[in-house]
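*Asks:*
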Amino acid sequence: SSSLSYQSLNSKVSRQTSCFPTTGSYVRQAKGKGVVDPFQVPRKLLQKIWPRFLAPEFGSLPKQFCIDCCAQFLVSRTSVKAHPKEFYVRLLGGVKSGQLTGYVMELLWRLVMHGNRP
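End of the sequence shown = 130 in the working numbering, gap-free, step of one.
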């Protein structure tokens, strides 16, 4: 079989994964900038879109959320078919209505195709 699992792909591809809490704040000292929360924007976006677009498929907002850098991903047919067509139709409707932007979809690909594990 030529299928790749997410784990075997991770061992072959250099990528940067960032995980952050979905509530509260994540602050760190940034050189020359003081204290910053680099995940403030994605956290607020997730809190806004989760109930309508993701809760029906994934349940409640997880305590932490992981994203991969650079919007590049490889998925299997099994990963795509893991969700019902209605889920993808709902996402497409969000994109068409402007409620889900390309940036938001970039944040979601890891969750949709591989789950939210670090």
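Beta carbons: idealized from backbone N, C-alpha and C, even for Gly.
This structure is a prediction, so every number in the text was calculated from the model and none was measured.
Where are the alpha helix (DSSP H) runs, 4 residues long or more, that stay fully inside the stretch 37-107, in chain order?
*Replies:* Taking only runs of at least 4 residues, the alpha helix (DSSP H) segments lying wholly in the stretch 37-107 are 52-61, 67-70 and 89-93.
*Asks:* Could you say if the stretch 73-81 and the stretch 43-62 meet the contact criterion of at least three C-beta pairs nearer than 8 Å?
*Replies:* Contact between the stretch 73-81 and the stretch 43-62 is present, because at least three Cβ pairs lie under 8 Å.
*Asks:* Would you report the Cα separation of S91 and S109, rounded to the nearest angstrom?
*Replies:* By 1-based counting over the sequence shown, the position of residue 91 is 79. By 1-based counting over the sequence shown, the position of residue 109 is 97. Those two C-alpha atoms are separated by around 26 Å.
*Asks:* Taking R64 as the reference, give the member of Y115, Y100 and R122 with the closest Cα.
*Replies:* For the purposes of this step, residue 64 is taken as the residue at position 52 of the sequence shown. With distances taken between Cα atoms, R64 lies closest to Y100.
*Asks:* Could you check how far apart the C-beta atoms of L73 and T29 are, in whole angstroms? I think they sit under 8 Å.
*Replies:* For the purposes of this step, residue 73 is identified with residue 61 of the sequence shown, where counting begins at 1. For the purposes of this step, residue 29 is identified with residue 17 of the sequence shown, where counting begins at 1. Not a contact, Cβ separation roughly 19 Å.
*Asks:* The alpha helix (DSSP H) with R122 in it runs from where to where?
*Replies:* Taking the sequence shown and counting its residues from 1, one reaches residue 122 at position 110. Element bounds for R122: G114 to H126.
*Asks:* To the nearest whole angstrom, what separates the beta carbons of E69 and H95, a pair I think is in contact under 8 Å?
*Replies:* Here residue 69 refers to the residue found at position 57 when the sequence shown is read from its first residue. Here residue 95 refers to the residue found at position 83 when the sequence shown is read from its first residue. That belief holds up - the Cβ atoms of E69 and H95 are roughly 6 Å apart, short of 8 Å.
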